[in-house]
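In the numbering used here, the protein residues as written are 93 to 486.
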């Protein structure tokens, strides 16, 4: 079921204030003027972007839309890829300049009378909602934005806008990965301190993992609440594949969120491994290719990066002799295009079972410097939790 709708302020007041602002033809928004790895292509400007309306042509991948006043936006690796242009043929904007940002929390200010299936919209003016991106992560870093009603839900009381944006962005991925964890599993997480990792550490424990270890640059943080790892190491100081305790008592599951762990695991297969083999029900889960930053300009390049390596590993860790020396390889890639996972994630937060994890350097202000700093931190791949930008106060 959907969450009980907490109203920030009276719906009529929300609508009145919103409509006064919407009468402006332009809104304040962040804009990216060109492809590039340099954040200088980003700026925040007043009265520069046309005010979105639900009558507008829906963005690609959006089935049913509504208009929100944006409160907070969480960044993700996809935001950096889009800006870089390294996957422009698949994730590029339709034109420049474009408004970045895909995962958002905001307040509903306008809903359609009916969706495309003729059903009444389940949201109301005044609802505080969180929505993850659909198709491409763009369009959210402005005062107002159109969101896809099929991948969002109401935010429960007690969850901040910044927390909701973080949860809908990375908490959802963590919840899906955790579904693959079994009670009693010993779990090792590479990239445990990032956006997904900070939420996954909590979720695997909730699933009943008996021992949770993390690999990251700040092991002390990983062992503190709410992440609560039993043990953690700094990969710049300790080789995780040579930790004696882990080789003596191997893990049931490795989750690689940072990329590159599989080749290292293969290199150490002749020695005592830190993870059980397929024959002993060992599993390896990953969300990324071996190199977390990649360039794709054709379907063939995409297949070489994603499909072929993953398919080969899936086959030889299940059917060949490698099933006696390597864990069962699985690539966890896509989120469902429904609201279910958003609802589950926000419910866990409302029950205090999943705490939003936001990098302490943020939330970043909705200014040119603030947005650039946020993107710079996201691009560094060393954020401790989610990178979040506060667009407006609740």
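Ideal placement from N, C-alpha and C gives every residue a C-beta, glycine not left out.
Every value quoted in this text rests on a predicted model; they were computed, and no experiment measured them.
Each of 179, 204, 174, 180 was checked against the Cα of residue 192, and the nearest Cα belongs to 174. Our two residues, residue 295 and residue 261, have alpha carbons roughly 15 Å apart in a direct line.
Between residue 121 and residue 197, the beta carbon gap of about 17 Å keeps them out of contact (Cβ cut-off 8 Å).
Taking C-beta atoms as the reference points, residue 402 and residue 423 count as a pair closer than 8 Å. Excluding residues up to 5 positions away in sequence, 319, 449, 477 lie with their Cβ nearer than 7 Å to the Cβ of residue 290 in the same chain.
Under the three-state reduction of DSSP output, residue 431 falls in the coil class, being neither helix nor strand. A direct Cα-Cα distance of roughly 58 Å separates residue 368 from residue 139. Residue pairing from DSSP places residue 482 in a beta bridge opposite 164, 457.
Annotation for residue 420: the continuous beta strand (DSSP E) segment containing it runs 420-423. At the C-beta level, residue 482 and residue 164 come within 8 Å of one another.
If you look at residue 408, you'll find it in the alpha helix (DSSP H) that goes 400-408.
The criterion of a C-beta distance shorter than 8 Å is satisfied by residue 283 and residue 350. For the pair residue 384 and residue 397, the Cα-to-Cα distance works out to about 10 Å. Restricting attention to 214, 127, 179, the CA atom closest to the CA of residue 189 is found in 127.
The three-state reading of DSSP puts residue 154 in coil, since its state is none of H, G, I, E or B. The beta carbons of residue 467 and residue 167 sit closer together than 8 Å.
The C-beta distance from residue 241 to residue 157 rounds to 7 Å, short enough to meet the 8 Å contact threshold. Counted as a single uninterrupted DSSP element, the alpha helix (DSSP H) harbouring residue 264 occupies residues 264-270. As a beta-bridge residue in DSSP terms, residue 346 pairs with 280, 376. Taking the Cα of residue 315 as reference, the smallest distance to any Cα among 324, 308, 359 is reached at 324. Counting only the Cα atoms, residue 370 lies some 4 Å from residue 419.
The shortest CA-to-CA distance from residue 472 to any of 286, 345, 247 is the one to 286. In this structure, DSSP gives residue 234 an extended state, which the three-state scheme calls strand. By the CB criterion at 8 Å, residue 277 and residue 253 fall outside the cutoff.
Under the three-state reduction of DSSP output, residue 317 falls in the coil class, being neither helix nor strand.
It is roughly 50 Å from the alpha-carbon of residue 355 to the alpha-carbon of residue 202. Taking a 10 Å sphere around the C-beta of residue 411, we find fewer than 16 other C-beta atoms and assign the residue as exposed. With a beta-carbon spacing of about 6 Å, residue 272 and residue 377 fall inside the 8 Å limit used to define contacts. One Cα belongs to residue 353, the other to residue 382, and the distance between them is close to 7 Å. Taking C-beta atoms as the reference points, residue 328 and residue 313 fail to come closer than 8 Å. Rounded to the nearest whole angstrom, the CA to CA distance from residue 133 to residue 231 is 16 Å. 8 Å or more divides the Cβ of residue 199 from the Cβ of residue 212.
Less than 8 Å separates the beta-carbon of residue 259 from that of residue 437. For residue 173, the three-state secondary structure derived from DSSP is helix. Residue 198 sits in a strand when the DSSP states are folded into three classes.
Under the three-state reduction of DSSP output, residue 135 falls in the strand class.
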